Amino acid sequence: MSSSSSSISSSSSSSSSSSSSSSSSSSSSSSSFSSSSSSSSSTSVVVEVVVVVVVVVVVVAVVEVVAMAAAVEIVVLVLVIVVVVVALVVVVVVVVILVVVVVVPVVAVV
1 MSSSSSSISS SSSSSSSSSS SSSSSSSSSS SSFSSSSSSS SSTSVVVEVV
51 VVVVVVVVVV AVVEVVAMAA AVEIVVLVLV IVVVVVALVV VVVVVVILVV
101 VVVVPVVAVV
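Using full-length UniProt numbering, you'd call the opening residue of the sequence shown number 1 and step up by one each time.
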């Protein structure tokens, strides 16, 4: 039982780290978008992206701590996977909104 629990918690840890790296990469891409335009709407969208990334990282960390202490690790592992997928969808939607709000008007002006 202890070998399976360590295997599951290492799986949840790798899910958490992949979420963290994808979140940081989307954050860096959003900051590069914001540097291309100086409008206030782009700044607010970048702040929103940063807030979403911070919330996702905190939620994944809390779920991971619960996964280490919980007796029903499979359920917690499923929750970690669901949180990571939802976080990725939210980041993709925010980046698409950022592109529509910032890049399209800049290209239209040029």
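Don't be surprised by glycine CBs; every beta carbon is placed ideally from N, CA and C. As the structure is a computational prediction, the values presented were derived from the model and not from experiment.
**Asked** Which stretch, first to last residue, makes up the alpha helix (DSSP H) that contains VAL83?
**Response** First-last of the alpha helix (DSSP H) with VAL83: 73–98.
**Asked** How far does the alpha helix (DSSP H) with VAL107 in it reach, from first residue to last?
**Response** 104–109 is the extent of the alpha helix (DSSP H) around VAL107.
**Prompt:** In whole angstroms, what separates the C-alpha of VAL83 from that of VAL58?
**Reply:** Distance between the alpha carbons of VAL83 and VAL58 is about 11 Å.
**Message:** Rounded to the nearest angstrom, what separates VAL89 and VAL63 at their Cα positions?
**Reply:** In a straight line, the C-alpha of VAL89 is about 19 Å away from that of VAL63.
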